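**Student:**
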Amino acid sequence: MTKTALIVRGGWDGHQPVEATEMFLPFLQANDYQVAIHESPEVYADAATMESADLIVQCMTMSTIEKEQLEGLRTAVAAGTGLAGWHGGIADSYRASDGYLQLIGGQFAHHPAVHPDERTGEQSDYYTPHRIDIVPEAADHPITAGIESFDLVTEQYWVLHDQLIDVLATTTLPKRDFDDWEKPHVNPAIWTRRWGQGRVFVSTPGHRVEVLEHPNVRTMIERGMLWASR
Numbered sequence: 001m002t003k004t005a006l007i008v009r010g011g012w013d014g015h016q017p018v019e020a021t022e023m024f025l026p027f028l029q030a031n032d033y034q035v036a037i038h039e040s041p042e043v044y045a046d047a048a049t050m051e052s053a054d055l056i057v058q059c060m061t062m063s064t065i066e067k068e069q070l071e072g073l074r075t076a077v078a079a080g081t082g083l084a085g086w087h088g089g090i091a092d093s094y095r096a097s098d099g100y101l102q103l104i105g106g107q108f109a110h111h112p113a114v115h116p117d118e119r120t121g122e123q124s125d126y127y128t129p130h131r132i133d134i135v136p137e138a139a140d141h142p143i144t145a146g147i148e149s150f151d152l153v154t155e156q157y158w159v160l161h162d163q164l165i166d167v168l169a170t171t172t173l174p175k176r177d178f179d180d181w182e183k184p185h186v187n188p189a190i191w192t193r194r195w196g197q198g199r200v201f202v203s204t205p206g207h208r209v210e211v212l213e214h215p216n217v218r219t220m221i222e223r224g225m226l227w228a229s230r
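Position 68 (the sequence shown) corresponds to 68 in our numbering; numbering is contiguous.
1) Just curious, the beta strand (DSSP E) that Arg193 is in, first and last residue?
2) What do you get for Ala228, buried or exposed, if any count of 16 or more other CB atoms within 10 angstroms of its CB means buried?
3) Report the residue from Ala84, His130, Ala36 whose alpha carbon sits nearest the alpha carbon of Arg194.
4) Have a look at Pro215, His130, Gly80, Phe108 and flag the residue whose alpha-carbon is nearest the alpha-carbon of Trp158.
5) With a threshold of 16 other CB atoms inside 10 Å of the CB of Arg176, please say whether the residue is buried or exposed.
6) Looking at the unbroken alpha helix (DSSP H) that takes in Gly224, where does it start and where does it end?
7) Check Val35 in the structure and name its three-state DSSP category.
8) Round the Cβ separation of Asn31 and Leu160 to the nearest angstrom and send it over; I've been treating them as touching at under 8 Å.
9) List the DSSP bridge partners of Arg74.
10) Counting only runs of 3+ residues fully inside the segment 155-185, write out the beta strand (DSSP E) ranges in chain order.
11) Report the option in Asp162, Trp12, Thr120, Ile147 whose CA atom is closest to the CA atom of Ile134.
12) Looking only at its own chain, which residues have a Cβ that is under 7 Å from the Cβ of Val186, when we skip the five neighbours before and after it?
13) Between the C-alpha atoms of Val211 and Ala36, what's the straight-line distance to the nearest angstrom?
14) Could you tell me the alpha carbon to alpha carbon distance between Gly80 and Glu118, rounded to whole angstroms?
15) If you reduce the DSSP assignment to three classes, tell me which class Thr128 lands in.
16) Looking at the structure shown, is Met50 part of a helix, part of a strand, or coil, going by DSSP?
17) Kindly indicate the opening and closing residues of the beta strand (DSSP E) around Gln123.
18) Check the C-beta distance from Gly206 over to His111 and give it rounded, since I have them as a contact under 8 Å.
19) Give the straight-line distance between the Cα atoms of Gln156 and Glu71, rounded to the nearest whole angstrom.
20) Whole angstroms are fine: how far does the CA of Arg223 sit from the CA of Ser93?
21) Helix, strand or coil: how does DSSP classify Met23 here?
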């Protein structure tokens, strides 16, 4: 049975919204999704389109969302449309919208930089080695089953979050000599969320295409899209 997926992409170009979403087109098509691509959240205000969508894959860093668009997105998810995404494309979207932040359950706040003496003003200033730890409770989850904890060198997200997310993987931000915070602290790295009849999937790893190409990251995102879908 053919399903419908909407890819909503745009915002900050540094996250490669076009290249990143194009990576997953063959996977969605191979899983019988008819895919429509939108370059802004305007489609969220189109009730007929949203009612027919089984899955929304969003890659929209920062940007803004209008009241009618947000209402359309929340209504669709609550009615059973899945919402999935990675990194800033879902966890750092529409910063000024409290209704969106509530829907997602976690919001990017910071990514630690390398030592001040090593900074060059490029994105790589925030590429730090860290570990993605699969939580024991998620060992049999359909998104993380068979995946063991693994290491990355990329942006490590500090996430402000509520208690209504189901955390599948965490990452521990260290306290280094030049950091201002008090001590190491654990942050959600992969999570899901139930919202009405709908499901939300978020992966904080996924800064650029080279991170999305990591086998574990790609596998969890692909599984997460299917898990979230109606």
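The beta-carbon is built from N, C-alpha and C at its ideal position, and this holds for glycine as well.
Here the structure is a predicted model, which is why all the values come from computation and not from measurement.
**Tutor:** This is what the structure gives:
1) 185-195
2) buried
3) Ala84
4) Phe108
5) exposed
6) 215-228
7) strand
8) The Cβ separation is near 33 Å, so there is no contact.
9) In the DSSP output, where bridge partners are listed per residue, Arg74 has none listed.
10) 158-161, 166-173
11) Ile147
12) Thr170, Thr172
13) 24 Å
14) 47 Å
15) strand
16) helix
17) Neither: Gln123 is in no beta strand (DSSP E) and is coded neither H nor E.
18) Actually they are not in contact, since the Cβ atoms of Gly206 and His111 sit about 13 Å apart, beyond 8 Å.
19) 31 Å
20) 22 Å
21) helix
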